[in-house]
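In terms of the working numbering, the sequence shown is residues 1 to 355.
Structure first, then comments.
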Amino acid sequence: METDARDVRPGEQLDWTRLVAWLRERLPSCRIPGLDVSCEPDVAQFPGGHSNLTYLVRFGGTEIVVRRPPFGPVPPTAHDMAREFRWLSAMHAVFPLAPQPYLLCEDTDVIGCVFYAMERRRGLVVRTEEPSALANPAARRRLSGALVDTLADLHAIDLVAGGLSGLGKPAGFVERQVKGWSDRWHRSQTSTLAEMDALADWLRAHLPPDPAPPSVVHGDFKLDNVMLHAQDVGRIVAVFDWEMSALGDPLVDVGIVLAYWSPTAPPSQRDALTTVIDRPGYFTKAEIVERYASRSGRDLSNIRYYEIFAVFKIAVVIQQIYFRYVQGQTNDARFASFGARVEFLAQHAAGLADR
């Protein structure tokens with residue numbers, strides 16, 4: 001799917017007048033080639049996603065992407081746009097696949113929340129349907145390799161030389177992650193789910209040692225968070241969604257890739273990606289692990305732990321969304337079935353832990 005104007009829908013609830021006025025006043029300082037803020041603006045919303053909201057603002061031929069948290073109350077520390085902006089600013093300088101951020105607005109009087117503006121990249125994003133360029137096994141295999149190689153290259157960035165070492169504290173990263181996501185689970189529970197409580201205990205009991213060396217961790221690296229070149233699907237042109245980025249154990253990202261390479265919803269519910277990656281040509285999980293190990297030189301003998309943690313984390317993310325739905329903080333009908341998705345993921349992760 002190409003993320004062009006056909007794929008956006010009119011935005012709702014957002015105060016477009018105040019947003020456009022703010023952008024008109026500040027964008028000229030960014031020296032964006034061809035920008036003419038006097039043009040009549042066109043504003044639309046990108047479809048897809050269950051969390052942060054992304055909008056497209058056009059001034060003539062110049063396109064600006066605006067990213068904001070979801071409407072309604074959100075969990076503490078979640079959807080931190082200022083943090084994501086700072087990470088994106090640092091990453092763009094050393095990892096060109098990270099889009100260039102332009103402006104951060106921390107004045108909540110403008111649209112009711114913190115938001116930021118960044119460049120728009122063009123290409124193909126694979127979600128529930130494949131673009132025609134991927135409709136053959138050879139192309140799928142090239143994409144699989146590019147995805148794994150891009151992740152390994154991200155993890156190979158020298159934190160000191162890249163000026164990134166001040167962005168976080170890698171020591172004890174996985175332990176903090178397990179504690180943080182376990183706490184989020186307990187805060188967002190809507191019913192008892194023994195598998196999730198048992199998984200939190202299992203993850204604490206089997207913590208891996210800190211890696212040597214640590215790396216940038218994207219935190220949500222998966223197929224629909226990368227953009228492919230429209231004429232060359234074996235080439236990645238952008239990596240999106242840096243909200244969960246940190247410094248720590250790179251195998252956390254590998255675990256996320258593996259977790260999304262299996263269904264994340266019951267068979268009765270249509271799920272993004274897993275309707276695609278079971279087609280001939282896409283790497284198997286074993287091939288992902290082998291390719292990453294070869295490219296990175298890292299030891300993946302304990303990768304099952306990271307996959308279990310990733311499935312647990314995905315379940316918590318979905319539970320947080322479901323909690324907001326149950327509490328009446330959002331009325332998006334897509335979220336009504338998310339309780340069943342959490343149960344499905346909990347059982348899947350428990351099965352991995354029992355092996």
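Note that CB positions come from ideal geometry on N, CA and C, so glycine has one too.
Between residue i and residue j, how many whole angstroms is the CB-CB distance? I'm expecting something under 8 Å.
i	j	result
residue 220	residue 201	Rounded, the Cβ-Cβ distance is 25 Å, inconsistent with contact.
residue 252	residue 174	7 Å
residue 63	residue 120	4 Å
residue 90	residue 167	6 Å
residue 108	residue 339	About 31 Å; that fails the 8 Å criterion.
residue 238	residue 97	6 Å
residue 28	residue 35	7 Å
residue 19	residue 66	7 Å
Using only the alpha-carbon positions, how far apart do residue i and residue j sit?
i	j	result
residue 245	residue 56	23 Å
residue 320	residue 224	21 Å
residue 54	residue 313	23 Å
residue 161	residue 267	46 Å
residue 281	residue 148	14 Å
residue 352	residue 142	28 Å
residue 5	residue 171	Residue placement at residue 5 is flagged as unreliable, the pLDDT there being 41, under the threshold of 50; a coordinate-derived value is accordingly withheld.
residue 308	residue 287	18 Å
residue 301	residue 329	42 Å
residue 123	residue 184	35 Å
residue 284	residue 297	19 Å
residue 203	residue 195	12 Å
residue 179	residue 199	12 Å
Measuring only between beta-carbons, confirm whether residue i sits less than 8 Å from chain B.
i	result
residue 167	In summary, chain B is missing from the structure at hand, where a single protein chain is found.
In the DSSP assignment, what residue or residues form a beta bridge with residue i?
i	result
residue 119	64
residue 227	238
residue 316	Note: residue 316 sits in no beta bridge, so no partner.
residue 39	For residue 39, which the question treats as bridged, DSSP gives no partner whatsoever.
residue 59	41, 62
residue 356	A question about residue 356 goes unanswered here, because the residues of the chain that appear run from 1 up to 355.
residue 54	67
residue 247	216
residue 30	Note: residue 30 sits in no beta bridge, so no partner.
Give the single residue among the options whose Cα lies nearest to the Cα of residue i.
i	options	result
residue 177	210, 111, 160	210
residue 304	254, 327, 340, 345	254
residue 260	67, 277, 82	277
residue 331	70, 37, 26, 43	70
residue 265	216, 315, 125, 94	315
residue 112	216, 16, 131, 38	16
residue 216	196, 163, 263	163
residue 335	234, 169, 324	324
residue 128	279, 346, 345	279
residue 117	85, 169, 350, 80	85
residue 295	80, 154, 234	154
Secondary structure, alpha helix (DSSP H): runs of 4+ residues fully inside the stretch 87-113: DSSP runs (the alpha helix (DSSP H)) wholly in the stretch 87-113: none.
4 or more residues per run - each alpha helix (DSSP H) lying fully within the stretch 269-353: 285-296, 303-326
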